[in-house]
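Anchor point for the sequence shown: position 19 equals 21 in the working numbering, and the numbering is continuous, going up by one each time. Glycine included, each C-beta is placed from N, C-alpha and C at the ideal position.
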Amino acid sequence: METLEQKTIGSFVAEDYRTASIFQKHKIDFCCRGGQTITEACDRKKVNKELLLEELKNIMAQDGKKGEDFNNWSLDELAEYIEKNHHNYIEDQIPVLLQFLDKLCKVHGGRHPELFEINEEFTKCAEELSVSLREEQQFLFPYIKEMERAKAENKSFQAKESPLNTMKREYQKESDCFKKIADLSDNFTPPADGCTTYRVAFQMLNDFDESLRKQIHLKNNILFPKAIELEKSL
3 METLEQKTIG SFVAEDYRTA SIFQKHKIDF CCRGGQTITE ACDRKKVNKE
53 LLLEELKNIM AQDGKKGEDF NNWSLDELAE YIEKNHHNYI EDQIPVLLQF
103 LDKLCKVHGG RHPELFEINE EFTKCAEELS VSLREEQQFL FPYIKEMERA
153 KAENKSFQAK ESPLNTMKRE YQKESDCFKK IADLSDNFTP PADGCTTYRV
203 AFQMLNDFDE SLRKQIHLKN NILFPKAIEL EKSL
């Protein structure tokens, strides 16, 4: 029987999204490194394992909404949810944030040179994300939906060269970009002399980061692993 120490970070968050806040508190990556066990994560980050497990047990024991039970959604429904709630949001926010960050660099860059690096990192992340999301919407999600239909209708399925593992690896770059932006911006905290645009831009960066974390979690810890298993079974 699997013990809590042997359970993966991703499976904790997949079962109860509230646990994500505990992993974030200890700077444990539950998105791109969701496959590591509690023991592996604690050893890597030098975190007290007993303390972490106690915090996880406490938050899971609390009354209140755990969030949507994405674990029990069909792959078709989950792919649709990710596209409507995360892809569309990110695609809408990228041009607005690029405009805000350019403005901040012009107005505040002299006093806050870190803005130029933040702008550079976000621009790089935005370019890579735009390509990844487009590939998922055009190729990966239809591929997953095609597999689901084949299973539901008990039809044969001709597997193609699978894009699933490649997509799972690619998100490490975007995650690393936003870790750097968080460090440069003191976790998206505007300085005392920051104007309204400064504060709004940093709040938007923070919201963007949260959406990015959640969609990577939904893909890497739920959608992609289940799609890989479905692909093998077909």
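Here T5 carries a coil assignment [DSSP, helix/strand/coil]. Secondary structure of T10 (DSSP, three-state): strand. Per DSSP, reduced to three states, the secondary structure at T41 is helical.
Note that the C-beta distance between K9 and I40 is below 9 Å. With contacts defined as CB atoms closer than 9 Å, L131 and I92 qualify as a contacting pair. By the neighbour-count definition (other C-beta atoms within 10 Å, threshold 16), C197 is an exposed residue. For the options R201, A154, R136, E176, the alpha carbon positioned closest to that of E212 is the one of E176. If you check the CB distance, D195 and H110 come in under 9 Å. Between S187 and D18, the alpha-carbon positions lie close to 29 Å from each other. Between C33 and the set N222, K234, V49, the nearest pair of CA atoms involves N222. Just so you know, the alpha carbons of K48 and K59 end up roughly 20 Å apart. Look at F180 here: in three-state DSSP terms it is helix.
R35 carries a coil assignment under DSSP once its states are collapsed to helix, strand and coil.
Residues F72, L220, I224, L225 of the same chain have their beta carbon placed closer than 8 Å to that of L80, with the five preceding and five following residues left out of the count.
In chain order, M149 place their CB closer than 6 Å to the CB of L232, counting only its own chain and leaving out the 5 sequence neighbours on each side. When the Cα atoms are used, C107 and N156 turn out to be separated by approximately 57 Å. Nearest to I61 by C-alpha distance, out of L77, N90, P97, T21, is T21.
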